[in-house]
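Down below is the structure, laid out as C-alpha cells.
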Amino acid sequence: MIGGGAASNGDAAPLLEVRHVSKYFGNVIALRDISMEVRAGEVTCVLGDNGAGKSSLIKILSGVHPHDDGEFLVGGRSVRFSGPRDARAEGISVVFQDLATVPLMSIWRNFFLGSEPTRGLGPARRLNVKFAKNVMREEMHKMGIDVRDPDQPVGTLSGGERQAVAIARAVYFGAKVLILDEPTSALGVRQSGIVLKYVIQARERGLGVIFITHNPHHAYPVGDRFVILNRGRLMGSFAKSETTLAALTQMMAGGDELERLSKELEKMATEPELEQVARELAEEAGGKATSGDMER
Amino acid sequence: MSVASTPVPAAPAPRAKGVGTDERIGGVRLVVRLLQRPELGALLGAVAVYLLFASVDSTPGHKFSSIAGMQNWTDAASTYGIMAVAVAMLMIGGEFDLSAGVMTGTSGLLLGMLITRYGLNVWVGIVLVFIFAAAIGALNGFLVIRTKLPSFIITLATFFVLRGVNVGVTLLLTNTVRFDITDKVPGFSSAQAIFGSTFLSPYNFQTAVLWWIAITIVATWVLTRTTFGNWIYAVGGDSNAARNVGVPVARTKVILFMGTAMSAALVGIMVALRYKGIQSGQGVGQEFFYIIAAVVGGCLLTGGYGSAIGASIGALIIGFAQIGIIFANWDSNWYFTFLGVILFLAVGVNTLVRRRATSARR
Numbered sequence: 000m001i002g003g004g005a006a007s008n009g010d011a012a013p014l015l016e017v018r019h020v021s022k023y024f025g026n027v028i029a030l031r032d033i034s035m036e037v038r039a040g041e042v043t044c045v046l047g048d049n050g051a052g053k054s055s056l057i058k059i060l061s062g063v064h065p066h067d068d069g070e071f072l073v074g075g076r077s078v079r080f081s082g083p084r085d086a087r088a089e090g091i092s093v094v095f096q097d098l099a100t101v102p103l104m105s106i107w108r109n110f111f112l113g114s115e116p117t118r119g120l121g122p123a124r125r126l127n128v129k130f131a132k133n134v135m136r137e138e139m140h141k142m143g144i145d146v147r148d149p150d151q152p153v154g155t156l157s158g159g160e161r162q163a164v165a166i167a168r169a170v171y172f173g174a175k176v177l178i179l180d181e182p183t184s185a186l187g188v189r190q191s192g193i194v195l196k197y198v199i200q201a202r203e204r205g206l207g208v209i210f211i212t213h214n215p216h217h218a219y220p221v222g223d224r225f226v227i228l229n230r231g232r233l234m235g236s237f238a239k240s241e242t243t244l245a246a247l248t249q250m251m252a253g254g255d256e257l258e259r260l261s262k263e264l265e266k267m268a269t270e271p272e273l274e275q276v277a278r279e280l281a282e283e284a285g286g287k288a289t290s291g292d293m294e295r
Numbered sequence: 000m001s002v003a004s005t006p007v008p009a010a011p012a013p014r015a016k017g018v019g020t021d022e023r024i025g026g027v028r029l030v031v032r033l034l035q036r037p038e039l040g041a042l043l044g045a046v047a048v049y050l051l052f053a054s055v056d057s058t059p060g061h062k063f064s065s066i067a068g069m070q071n072w073t074d075a076a077s078t079y080g081i082m083a084v085a086v087a088m089l090m091i092g093g094e095f096d097l098s099a100g101v102m103t104g105t106s107g108l109l110l111g112m113l114i115t116r117y118g119l120n121v122w123v124g125i126v127l128v129f130i131f132a133a134a135i136g137a138l139n140g141f142l143v144i145r146t147k148l149p150s151f152i153i154t155l156a157t158f159f160v161l162r163g164v165n166v167g168v169t170l171l172l173t174n175t176v177r178f179d180i181t182d183k184v185p186g187f188s189s190a191q192a193i194f195g196s197t198f199l200s201p202y203n204f205q206t207a208v209l210w211w212i213a214i215t216i217v218a219t220w221v222l223t224r225t226t227f228g229n230w231i232y233a234v235g236g237d238s239n240a241a242r243n244v245g246v247p248v249a250r251t252k253v254i255l256f257m258g259t260a261m262s263a264a265l266v267g268i269m270v271a272l273r274y275k276g277i278q279s280g281q282g283v284g285q286e287f288f289y290i291i292a293a294v295v296g297g298c299l300l301t302g303g304y305g306s307a308i309g310a311s312i313g314a315l316i317i318g319f320a321q322i323g324i325i326f327a328n329w330d331s332n333w334y335f336t337f338l339g340v341i342l343f344l345a346v347g348v349n350t351l352v353r354r355r356a357t358s359a360r361r
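Line by line, the protein sequences are chains A and B. The opening residue of the first sequence carries number 0 in numbering that gives the first Met the number 0; numbering runs sequentially from there. The opening residue of the second sequence carries number 0 in numbering that gives the first Met the number 0; numbering runs sequentially from there.
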C-alpha cells in the first residue's frame, strides 16, 4: 500500500537507491557521498540551489553518466548503467525540463513519438491511428485531462498540460520511477499548481517520483521525503514528519550564507522594498528558530 | 518556445481546460479543421491564379482553359511538382537542398555519358544514376549532420561543385554545352516509354504527370500514415525533443536528403530521355522554384509543418503562371515577378490562416 512517508516500512526494497555515490569530472567533484532512496508511491524531492549537483544526480540516475564511487541499486539489485537505454529498460524515465514534445505536432503523435504503434505488413505497414488516439485519450483521462481533439497541436496546450502529456507518456511506456527535472521552474503560479497535482496523481498510481526543484515551496506540499544538496554534498535527508518548510528553505541555501546576504542587503538598503527583502531573508535564515510553516 | 519567427503556435492557452465545458459544435469544428490544413491557402491561390490566366488568355479559342492548355500546364508543372514534393518533405524535416536543381542536370548528363560513351543498357544506366544520386544525397546529409552547419551552406557548396562539373565535363567530352544521347542502345525505347513519353493520344499528356501524381500520393501516405512520416515532422519541429524520445534524427535527415537527390535523378532521367540530350546548364536556378512551390503549398521555412499535396498545388500554380503568361501574350520576363508576388502573398495568407486556426482553438 501507499507508505505513510515514514522510513520505517523497511523490508520491501526501495525501487531505487544510491549509497555513498560520488561523481568526479576530472578533478572537479560534482557529487560526493550521496545517499538517497525512492519508494513506490512516494515523492522524493531533491532540493538544491543552482550548482548544487542536482543535474549530475539526474544524469547518474538516468544512465547518462556512470557513478564513480558507491553503489546504485534498482529493486535491491546493484546496477551499473552504460546508457539511458539501460535506465529506461529498468523503468526509470526522465521528464526533461524542455519536455521533449514537438509543439507543431498533434497530441497523439507526440504521445507515441519514437514508439509508434503500427499495423499491417511490408509497404502497407502504417500507423495505428485509432489505437494511438484512444490510448492517448485514456492515459490523459487518468491524469484528469479530457482531450476533446487528439489532433490539437501540443503547442496550443498550456505549460502544465504539456507536462501532463510528457508524464502520461512516461507512465504508459512502463516507467516505475519518474524523474521530473525542474517541472515547475518555467511556469507561473497557477500552472505550477497544476503540475503539482500531476505529481500527486503519479504518486497515487504507485510510481516512485523524484521531483527535482530549487523551490521548497513547490516541494514541501507534495514531498514524502526530502534530499537536500549543496555544492555537491548531501546536506540532509528527511522524511516529511521530520522537517518544516522553513527549515528546508534555510538548509537549501545554506543558513549562514542567507544571513550574511540579509546583513549586506540591510546595509545597502535605501529603498523600503530592499529593506523588506532583507527582512524576509533574515527570517528565512532564522527559519529553524521560528519553525512555523510559512505556507501562504 | 523555440519557434522564434514562426507564426504558430502562439503563447500557451491562458486557462486550463475544464472537463466537459464548452462542447464545440460540429460545423465550427469542421471549419477550424479545414483552416488548419497547410494546403488550404495554396488551393485558394491556385483557383485564383487559374481564373486570372483563364480571363487574360488571348489565344484564339481560349486555349488556357481547354484540354490542350491543360496538357501544357501539367507538362510545365509536373517536373516542378516531383521535385517540390521531395523538397517539401526535406523542408518539413527542417533542412534545405539548394543542389536539388543542378542535380537534375548532373543526373541527366551522367545517364547520357553512361549510355552514349560506354554503350550501357539504358536501364542499367538508370539504376547507376539513382545509386549515384543517392550517394550525393547521403553525402549532403552526412555533411550537414557532421558539421552541424546549416544545410543552406552545405548544399550551396554542393550546388556550385556540381554546376562546375556539369559544364566542365560536358565541354571536355563534347566540346559543346549540350550532351546528345543516342537512341541506338538497348533499352532506350522501353525506358523512354516510361520516363519520357506521352499518353491520352490526341492530347498527349506527359508521362511525367503520372509520376508526379503517384509521387504526391506516396509522399502523402508516408507523411501522414507512417512512422517515418512522424519522424520527419518531429526532426523538423524540434530535433532535440525527437532525439530525447528515441527518434533517429541523423538517419531521418540523411534519408530525406537522399530523397531529394533521387527525385532530381528521376527528373534528370526524364529530361534526358525525352529530348534525347541534355544541356550542361540544366536545372541551374530551378531549386528556388521547388522551394517556392513548397512554401506556397504551406511549408514552414523553419520546418515541422507542411504537406506534399500543398507542394504539388504550389507546383501547379507555377505551371499556370508559366503557361498563362505565354498565352496572355505578356513578356515572359514578368513570370518571375509574378512568382515573387505569389510567394509573398502565399506566405502572408498562410501566416494569417494558421494564426486564426490556432487561436480559434482556445
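The beta carbon of each residue, even a glycine, is placed where N, CA and C say it ideally should be. Model, not experiment: these values are computed from the prediction.
The DSSP-derived three-state label of residue 135(A) is helix.
Interface residue (Cβ-Cβ distance to chain B less than 8 Å): residue 104(A) is classified as such. A straight line joining the alpha-carbon of residue 276(A) with that of residue 266(A) spans about 12 Å.
Under the 8 Å criterion on CB atoms, residue 205(A) is classed as non-interfacial with respect to chain B.
Taking C-alpha positions only, residue 157(A) is separated from residue 288(B) by approximately 38 Å. In this structure, the beta-carbon distance from residue 260(A) to residue 215(A) does not fall below 8 Å. The straight-line gap separating the alpha-carbon atoms of residue 210(A) and residue 218(A) is approximately 7 Å. Against chain B, the CB of residue 60(A) has no partner CB under 8 Å away; the residue lies outside that interface. Only those residues of the segment 245–261 of chain B whose C-beta falls short of 7 Å from the nearest C-beta of chain A are listed: 245 and 246.
Per DSSP, the beta bridge partners of residue 72(A) are 16(A) and 77(A). About 6 Å separates the Cβ atoms of residue 115(A) and residue 229(B), confirming a contact at the 8 Å cut-off. For the segment 303–324 of chain B, residues whose beta-carbon sits nearer than 8 Å to a beta-carbon of chain A comprise 303 and 304.
In this structure, residue 295(B) lies near residue 341(B), with their beta-carbon atoms less than 8 Å apart.
Listed along the chain, the chain A residues whose CB falls inside 7 Å of the CB of residue 224(B) are 125 and 126. Residue 82(A) is outside the set of residues whose beta carbon lies under 8 Å from a beta carbon in chain B. Rounded to whole angstroms, residue 270(A) and residue 47(A) show a C-alpha spacing of 30 Å. In terms of Cβ geometry, residue 132(B) and residue 102(B) form a close pair [threshold 8 Å]. For residue 195(A), no CB of chain B lies under 8 Å from its own CB, so it is not counted at the interface with that chain.
Counting C-beta atoms within 10 angstroms of its own C-beta, residue 75(A) has fewer than 16 neighbours from the protein chains shown and is therefore classed as exposed.
DSSP links residue 22(A) through a beta bridge to 30(A). A straight-line Cα-Cα distance of about 24 Å links residue 207(A) and residue 68(A). The closest CA to that of residue 157(B), considering only 140(B), 145(B) and 214(B), is found on 140(B). Per DSSP, reduced to three states, the secondary structure at residue 125(B) is helical. If you look at residue 172(A), you'll find it isn't in any alpha helix (DSSP H); DSSP assigns it neither H nor E. Residue 321(B) and residue 65(B) have their C-alpha atoms some 16 Å from each other. In the DSSP assignment, residue 276(B) falls within the beta strand (DSSP E) that extends over 276–278. Neighbours of residue 99(A) in chain B, taken as residues at a C-beta separation under 7 Å, are given in chain order as 240, 243 and 244. Under the three-pair Cβ rule at 8 Å, the segment 86–99 of chain A counts as touching the segment 174–184 of chain A. If only uninterrupted alpha helix (DSSP H) runs of at least 4 residues are considered, those enclosed by the segment 183–238 of chain A are 188–203 and 215–221.
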